[in-house]
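Okay, structure first, notes after.
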Amino acid sequence: MEFVLLIFLPILAAFFVPLLFKKIKGIHTGWFVLLVPIALFIYYLGFVTTTLDGGTAVSELRWIPSLGISFVSYIDGLSLLFTLLITGIGALVVLYSIFYLDKNREKLNNFYVYLLIFMSAMLGVVQSENLISLYLFWELTSISSFLLIGYWNTRDRSRFGALKSMMITVFGGFMMLGGFILLGIMGDTYSIRELIAGSSALVGQDFFTLALVLILLGAFTKSAQFPFHIWLPDAMEAPTPVSAYLHSATMVKAGLYLVARFTPIFAVSEVWVWLVTGIGLLTLFWGSLFAVKQTDLKAILAFSTVSQLGLIMSLLGASAVAYHTDDALFKFAAFAAIFHLINHAVFKGSLFMVAGIIDHETGTRDIRKLGGLMSIMPVSFTVAFIGSMSMAGLPPFGGFLSKEMFLQSMLALQHFELFNFATWGIVLPVVAWVASVFTFIYSFYFVFKTFTGKQKEKPLPHTPHEAPFGMLISPVILASLVVAIFFIPNVVGKWLVKPAVVAIQPDLYTQPSDVAVHVLAWHGIRSEELWMTIALIIVGFIMYLTMHKWQKLYDIQPEYVSLNALYDAVMTFSEKGMNGLSRFYMTGLIRTYLLYMFAFIISITTATLFIKKAFVVDMNSFAPVSVYGMMIAIILVIAVGMVIFAKTRLSAIIALGAVGYSVALFFVIFKAPDLALTQLVIETVSVALFLLAFKHLPALSNHGETKRTKLVNAIIAAGVGITVALVALSAHSQKLIPSISQYYKDTVATEAGGGNIVNVILVDYRGFDTLFEIAVLSIAGMGVLAMIKLRLSRKENTDENK
1 MEFVLLIFLP ILAAFFVPLL FKKIKGIHTG WFVLLVPIAL FIYYLGFVTT
51 TLDGGTAVSE LRWIPSLGIS FVSYIDGLSL LFTLLITGIG ALVVLYSIFY
101 LDKNREKLNN FYVYLLIFMS AMLGVVQSEN LISLYLFWEL TSISSFLLIG
151 YWNTRDRSRF GALKSMMITV FGGFMMLGGF ILLGIMGDTY SIRELIAGSS
201 ALVGQDFFTL ALVLILLGAF TKSAQFPFHI WLPDAMEAPT PVSAYLHSAT
251 MVKAGLYLVA RFTPIFAVSE VWVWLVTGIG LLTLFWGSLF AVKQTDLKAI
301 LAFSTVSQLG LIMSLLGASA VAYHTDDALF KFAAFAAIFH LINHAVFKGS
351 LFMVAGIIDH ETGTRDIRKL GGLMSIMPVS FTVAFIGSMS MAGLPPFGGF
401 LSKEMFLQSM LALQHFELFN FATWGIVLPV VAWVASVFTF IYSFYFVFKT
451 FTGKQKEKPL PHTPHEAPFG MLISPVILAS LVVAIFFIPN VVGKWLVKPA
501 VVAIQPDLYT QPSDVAVHVL AWHGIRSEEL WMTIALIIVG FIMYLTMHKW
551 QKLYDIQPEY VSLNALYDAV MTFSEKGMNG LSRFYMTGLI RTYLLYMFAF
601 IISITTATLF IKKAFVVDMN SFAPVSVYGM MIAIILVIAV GMVIFAKTRL
651 SAIIALGAVG YSVALFFVIF KAPDLALTQL VIETVSVALF LLAFKHLPAL
701 SNHGETKRTK LVNAIIAAGV GITVALVALS AHSQKLIPSI SQYYKDTVAT
751 EAGGGNIVNV ILVDYRGFDT LFEIAVLSIA GMGVLAMIKL RLSRKENTDE
801 NK
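In full-length UniProt numbering, the protein residues as written are 1 to 802.
The structure is reproduced here in structure tokens:
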């Protein structure tokens, strides 16, 4: 079986969810959905042995081969890691949602359909080897996440958060598409593998840097990097299973995947190294700084996610330095990035689930109303403690190991001598350390302000109690992995991290065993990162204890001076501007819309003719004009004038029929009897249909037309006529390619088996064209008939009421 089809398995399963929801009442729909990610996770686990040796697997589904576009599933260490995160954590999230979402009160059919579509989209993103198919799946993640974030669509904040996330991520997606197209043009292929193999030929091309920036815009918007991070906190209005899945392990990781995948192409660029590293560190600092300000549990986790994504992004930027130096520390940065990506997915998923449990069992997520829950919810506290301490970077949890790697990589950057790092590199470890201090603070803030201390005097909306066993399974599994990773980091490194590193740095390694990284919890008393950790723990703990004194500093910043306020202002301005523009041109009159379209056609066509010097008139091949032709032309002009100046619809229809019959006479003169007969039949039928239709319309009126509007209409009408005449004359006068008429003459009898060339063209050569024309006319006819019958039925009802 072509395993590329497995990408579409969740979407296929989504078709059956509404049926299961409707027909099977006693069982939660999630139990059936759970089978999909479990089956996929087990299947993809089989590829671990392949990537362990540096191997890859490819499966292709041809789509548009003429344009080089196909659905190609490419499994290497990087795509397999993300695939296992998508399916593995996806299974835990579905299990959690079974106990979190009430099957009697929630529209589970909608929820699981959206979730399965998103799962397919993410699998497509990380496995696509073709740029265009990657873009299609990329945008599908934006659409499906929009539906998931706005799942509770009766809430204003849910709709606002969904729209905000889609506006920002779709904007980035469009920019990314531009970068993909430029890459395809420069490399003459849409295959990512071929682009990586030929990356040396791309460097130095005119659009190389532009493509780089456009692709990074797509990555930064999706992974909530500064200043595009503002959509992520508002997306927390989604149900907690959505937050645990999209905003910790999958969707926000898509931008990181994109940067990792394209590092072999763009790592040689100074712009890439500085942008990825710099924006990552800025995002880390900004997210950690503002996480401490929040009072909603999920808002704290949202800003903490922003900061952690920035940390991983900065490590990917540091890993690009390895393409410019043999220093092993920079090769090590790629390992640190992937290792922390796994850690973050695990501990952040458990923390989101705990936040959902607290909200579910107490009725609030406001940390100001919480406290003293440790004795009431001991299991939830344990999970929250493990996840928070890992996020803070403390032992014995996995986050400590990757945090040490991060500090070590930032310290190494200040010694890199290219791209002005020797001058400005000293800033990087300072920013990293300050951000780590705030990371320590918000981690303690999340867990201890919620679970320790005394319960507030004011009762909570719900009497707090421990969550049911089923809701605890998933977060407990994730918390157990947080601890396990600390004690077996090299097992994880060997089976998952090193194959991914080889995919990120294929020019530096030939197989995973070449990645000489051995993770240790202790690097000696003299290691700089150890003392940085000790210092940040001391400073962070003091600042945590004194939070009540300095947390008020956040109130100095007015709400209207923020990126969110800027976004709101832009959206408000755009909405008012677009509404004003719409009211200007949306008049409700068809003739006005036709006026705009014809004016556009005139300007574009005539400008193209004269700018490109395409207007040429060659009269040598013109046929002589006979007396009969002149007479018919005069009749034709008179008939057209009668149509324009007719006072009633009946006279206008008769005059229009005269125009059509005059054209038929031209066909007779030019010895085309078939066309003449066809024209006569069509004109007769048309006149009859016009009479039938216009019989039911009110009397002809000018509908408020003034002399000015009539003059504009006349100018546009004349312009269209002149433009068509110019195009016809130019096309007749300069034939850039041989006429197809000779081909018809040569093959009408031998190939098509016909004697009448016109009939053969219509039936054989243009058979589908003719068929679709008939279909369009039939549909239009049925539409007209339906409107007439509807009008008659309304008239009859009105008469009866009278």
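Glycine is no exception: its CB is placed at the ideal position from the N, C-alpha and C atoms.
One or two residues paired with residue i in a DSSP bridge
{"i": "L649", "result": "The sequence given here has Arg at residue 649, not Leu. Answer is none; R649 lacks a bridge partner."}
{"i": "E60", "result": "V72"}
{"i": "I128", "result": "It should be noted that the sequence gives Ser, not Ile, for residue 128. DSSP, once it has assigned bridges, lists S73 as partnering S128."}
{"i": "D326", "result": "Beta-bridge pairing links D326 to no other residue."}
{"i": "D296", "result": "D366"}
{"i": "S191", "result": "N130"}
Secondary structure of residue i, DSSP reduced to three states
{"i": "H74", "result": "Residue identity differs from the one stated: residue 74 is Tyr in this sequence, not His. Y74 falls in the strand class under three-state DSSP."}
{"i": "S778", "result": "helix"}
{"i": "D746", "result": "helix"}
{"i": "S390", "result": "helix"}
{"i": "S626", "result": "coil"}
{"i": "D366", "result": "strand"}
{"i": "S443", "result": "helix"}
{"i": "D555", "result": "helix"}
{"i": "S243", "result": "helix"}
{"i": "S248", "result": "coil"}
{"i": "Y135", "result": "helix"}
{"i": "G453", "result": "coil"}
{"i": "residue 806", "result": "Lying before the first or after the last residue shown, residue 806 is absent from the chain, which here runs from 1 to 802."}
{"i": "E2", "result": "coil"}
{"i": "A14", "result": "helix"}
{"i": "Y560", "result": "coil"}
{"i": "Y96", "result": "helix"}
{"i": "N620", "result": "coil"}
{"i": "L373", "result": "coil"}
{"i": "Y509", "result": "coil"}
Under 8 Å between C-beta atoms of residue i and residue j
{"i": "L309", "j": "T277", "result": "no"}
{"i": "A121", "j": "I38", "result": "no"}
{"i": "W274", "j": "F416", "result": "no"}
{"i": "H465", "j": "F406", "result": "no"}
{"i": "I338", "j": "V497", "result": "yes"}
{"i": "V292", "j": "Y442", "result": "yes"}
{"i": "A299", "j": "L258", "result": "no"}
{"i": "N104", "j": "V17", "result": "no"}
{"i": "A302", "j": "H247", "result": "yes"}
{"i": "D76", "j": "T49", "result": "no"}
{"i": "S390", "j": "G398", "result": "yes"}
{"i": "G660", "j": "S686", "result": "yes"}
Environment of residue i [buried if 16+ CB atoms lie within 10 Å]
{"i": "D746", "result": "exposed"}
{"i": "K576", "result": "exposed"}
{"i": "Q505", "result": "buried"}
{"i": "A479", "result": "buried"}
{"i": "F403", "result": "Sequence check: residue 403 is Lys here, not Phe. Buried."}
{"i": "Q294", "result": "buried"}
{"i": "D206", "result": "exposed"}
{"i": "S436", "result": "buried"}
{"i": "T533", "result": "buried"}
{"i": "M782", "result": "exposed"}
{"i": "G721", "result": "exposed"}
{"i": "G470", "result": "exposed"}
{"i": "Y100", "result": "buried"}
heavy atom of the ligand MG below 7 Å from residue i C-beta
{"i": "V268", "result": "Judged by which ligands are present, the structure shown has none, so any question about the ligand MG falls away."}
Segment limits, alpha helix (DSSP H) that includes residue i
{"i": "K107", "result": "Looking at the DSSP string, K107 is not in any alpha helix (DSSP H), and its letter there is neither H nor E."}
{"i": "A260", "result": "A254 to F266"}
{"i": "R766", "result": "That residue, R766, is in no alpha helix (DSSP H); it is neither H nor E in DSSP."}
{"i": "K575", "result": "For the sequence presented, residue 575 should be read as Glu rather than Lys. Residues L563 to Y585."}
{"i": "L35", "result": "G30 to L45"}
{"i": "D674", "result": "P673 to F694"}
{"i": "S739", "result": "From DSSP, S739 is part of no alpha helix (DSSP H); its letter is neither H nor E."}
{"i": "P468", "result": "Element bounds for P468: n/a, residue is neither H nor E."}
{"i": "P233", "result": "W231 to D234"}
{"i": "W286", "result": "E270 to A291"}
CB contact check: residue i to chain C, cutoff 8 Å
{"i": "V437", "result": "Chain labels in this structure do not include chain C; a single protein chain is all it has."}
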